[in-house]
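Q:
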Amino acid sequence: MLTTPDTAPARAWLPTMITLAAIWGCSFLFISVGVRELPPLYLALGRVLAGSVVLLAILIVKREPLPRDPRLWAHSFVVGAIGSAIPWTLFGYGEERIPSLLAGIWNGITPLVVLPIAVLLFRTERFSAQRGFGLLIGFVGMLVVLGAWRVQGGADLVGQGLCMLAAVFYGLAIPYQKRFLAGTTLSGTALSTALLLCASVQLAVVAPLVTGQAPPAPWSLSLKVLLSVLALGALGSGVAFVLNMRNIRLIGASRSSMVTYLMPVFSIIVGVIVLHEHLTWYQPVGGLIVLLGVAVSQGVFTGLRKPAVAAATT
52 MLTTPDTAPA
62 RAWLPTMITL
72 AAIWGCSFLF
82 ISVGVRELPP
92 LYLALGRVLA
102 GSVVLLAILI
112 VKREPLPRDP
122 RLWAHSFVVG
132 AIGSAIPWTL
142 FGYGEERIPS
152 LLAGIWNGIT
162 PLVVLPIAVL
172 LFRTERFSAQ
182 RGFGLLIGFV
192 GMLVVLGAWR
202 VQGGADLVGQ
212 GLCMLAAVFY
222 GLAIPYQKRF
232 LAGTTLSGTA
242 LSTALLLCAS
252 VQLAVVAPLV
262 TGQAPPAPWS
272 LSLKVLLSVL
282 ALGALGSGVA
292 FVLNMRNIRL
302 IGASRSSMVT
312 YLMPVFSIIV
322 GVIVLHEHLT
332 WYQPVGGLIV
342 LLGVAVSQGV
352 FTGLRKPAVA
362 AATT
């Protein structure tokens, strides 16, 4: 019997969510290091290739096949683009202009994008006045993060806009996965491998065309950059994809996106400690307002007294 988003106990998904938050929160650090020597498109390509190798190895050990249904591959091609290739490239271009911890804060708007798309487009979630109020709070938080009263353009605004757009693509990918992929009988490992293989093909074609150059030889890169690419692939794209698919199946697209509550915490900590980055006061304040909006829209506070409204399943 499958566990539905209504009945899945916290012990089944909360440890996975915390692990995901740590992996993805630290990914912004690795992106910041990687773009020092790699064009963002090639950094994203290295990430999906490394993740594909890790997941293919897991499939071989577990003796699990890749998807055989052409429809699954078609959906995987879409998710590979909007959930991996495009947002990871956008974050790379964004972090050429802004600190990694600020990129991590922008990732926190993902649930605010997931909700209206899941409700209006994919019909996998229900809408309510409370959720609408939460979206409004989140929008105010986004303006605070931007420092809308003092923004004058330039690299900082462009970088923040690129990271915001990356989060929008994540918001598209999560309900799409829930609607078209999460209900299959294939394992999360097999599905995640298909997504990364599709993203690898896409980036392998696009990266040379856009950059106008061949990929740099691995031995021409510093050890820090090589390790960052491997960490992004093996952890952020390999292991994390499997864990995320598991949570989407257990608790639904909207709730699983709440991992972004914790991701900014990890991205800020590692950004300050490792990269010695600095925040302007209104950026973390705006991030907290965004997370408050997410919490309200997801019924977190009412959920302390009674079960939150679950995602509508199809």
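Reading the sequence shown from the start, the letters are residues 52 to 365 in the working numbering. All C-beta atoms in this analysis are idealised placements derived from N, C-alpha and C, irrespective of residue type, glycine included.
1) Tell me which residues share the same chain as glycine 43 and place their Cβ nearer than 7 Å to its Cβ, disregarding the 5 neighbours each side in the sequence.
2) Taking the alpha helix (DSSP H) that phenylalanine 190 falls in, what are its first and last residues?
3) Using a Cβ-Cβ cutoff of less than 7 Å, which residues in the same chain neighbour leucine 53 once the five nearest sequence positions on both sides are dropped?
4) Suppose you measure from the CA of valine 347 to the CA of proline 259; what does that come to, to the nearest Å?
5) Over the uninterrupted alpha helix (DSSP H) stretch that includes methionine 68, give me the two end residues.
6) Quick test of your reading: serine 251 and leucine 100, contact by CB under 8 Å. State the CB separation rounded to the nearest angstrom.
7) Excluding sequence positions up to five away, which residues of its chain have a Cβ less than 8 Å from the Cβ of valine 276?
8) Determine the contact status of tyrosine 312 and glycine 198, defining contact as a CB-CB distance below 8 Å.
9) So, with DSSP's three-state summary, where would you put histidine 126?
10) Specify the secondary structure class of threonine 140 as computed by DSSP and reduced to three states.
11) Can you tell me the Cβ-Cβ gap for glycine 131 and leucine 208, rounded? I've got them flagged as a contact below 8 Å.
12) To the nearest angstrom, how far is the alpha carbon of alanine 154 from that of arginine 122?
13) For glutamine 264, name the three-state secondary structure that DSSP assigns.
14) Excluding the 5 residues flanking phenylalanine 81 on each side, which residues of the same chain have their C-beta closer than 6 Å to its C-beta?
15) Taking the alpha helix (DSSP H) that arginine 300 belongs to, which residues open and close that run?
16) Just how far apart, CA to CA, sit alanine 95 and valine 191?
17) Thinking lysine 234 and valine 293 are a contact (beta carbons under 8 Å), I'd like their distance in whole angstroms, please.
18) Quick check: alanine 61 and asparagine 158, are their CB atoms within less than 8 Å of each other?
19) In angstroms with no decimal places, state the Cα-to-Cα distance between cysteine 367 and phenylalanine 178.
20) By the three-class DSSP mapping on this structure, what secondary structure does alanine 233 have?
A: Walking through what the data contain:
1) What the structure shows of the chain is the stretch from 52 to 365, and residue 43 is not part of that stretch, so it cannot be assessed.
2) Locating residue 190 in the sequence shown gives position 139, counting from the first residue. Segment 180-197, the alpha helix (DSSP H) holding phenylalanine 190.
3) Within the sequence shown, the letter at position 2 stands for residue 53. Residue confidence for leucine 53 is low, a pLDDT of 44 falling below 50, so the modelled location carries little weight; the figure read from the coordinates is stated next. Once the five neighbours on either side are set aside, leucine 53 has no close Cβ partner at all.
4) Taking the sequence shown and counting its residues from 1, the one referred to as residue 347 is at position 296. Taking the sequence shown and counting its residues from 1, the one referred to as residue 259 is at position 208. Taking the straight line joining both Cα atoms gives about 44 Å.
5) Counting from 1 along the sequence shown, the entry for residue 68 is found at position 17. Unbroken alpha helix (DSSP H) run through methionine 68: 61-85.
6) Residue mapping note: residue 251 aligns to position 200 of the sequence shown, counting from 1. Residue mapping note: residue 100 aligns to position 49 of the sequence shown, counting from 1. Serine 251 to leucine 100, Cβ: 5 Å. Contact.
7) As a working mapping, residue 276 is identified with position 225 in the sequence shown. Excluding sequence neighbours, valine 276 sits near Val84, Gly85, Arg87, Glu88, Leu89.
8) As a first step, residue 312 must be located in the sequence shown, where it is residue number 261. As a first step, residue 198 must be located in the sequence shown, where it is residue number 147. No.
9) Counting from one through the sequence shown, the residue named residue 126 turns up at place 75. Shown here, histidine 126 sits in a helix according to DSSP, grouped into three states.
10) Sequence index remark: in the sequence shown, residue 140 carries index 89 (1-based). In this structure, threonine 140 counts as helix in the three-state DSSP scheme.
11) Numbered from its first residue, the sequence shown carries residue 131 at position 80. Numbered from its first residue, the sequence shown carries residue 208 at position 157. Not really, about 29 Å apart at Cβ, beyond 8 Å.
12) Counting from 1 along the sequence shown, the entry for residue 154 is found at position 103. Counting from 1 along the sequence shown, the entry for residue 122 is found at position 71. Their backbone Cα atoms lie some 34 Å apart in a straight line.
13) Residue mapping note: residue 264 aligns to position 213 of the sequence shown, counting from 1. Coil.
14) As a first step, residue 81 is located in the sequence shown; it is residue number 30 there, counting from the start. The answer, listed in chain order, is Ser279, Ala282, Leu283.
15) Counted from its first residue, the sequence shown places residue 300 at position 249. Element bounds for arginine 300: 291-302.
16) Within the sequence shown, the letter at position 44 stands for residue 95. Within the sequence shown, the letter at position 140 stands for residue 191. Going by the C-alpha atoms only, they are around 31 Å apart.
17) Taking the first residue of the sequence shown as position 1, residue 234 is located at position 183. Taking the first residue of the sequence shown as position 1, residue 293 is located at position 242. The question names lysine, but residue 234 is glycine in the sequence shown. Contact flag wrong, Cβ pair sits at about 17 Å.
18) As a first step, residue 61 must be located in the sequence shown, where it is residue number 10. As a first step, residue 158 must be located in the sequence shown, where it is residue number 107. No, the Cβ-Cβ distance between alanine 61 and asparagine 158 is not below 8 Å.
19) Residue coverage of the chain in this structure runs from 52 to 365, which leaves residue 367 outside it and unanswerable.
20) Taking the first residue of the sequence shown as position 1, residue 233 is located at position 182. Reduced to three states, the DSSP call for alanine 233 is coil.
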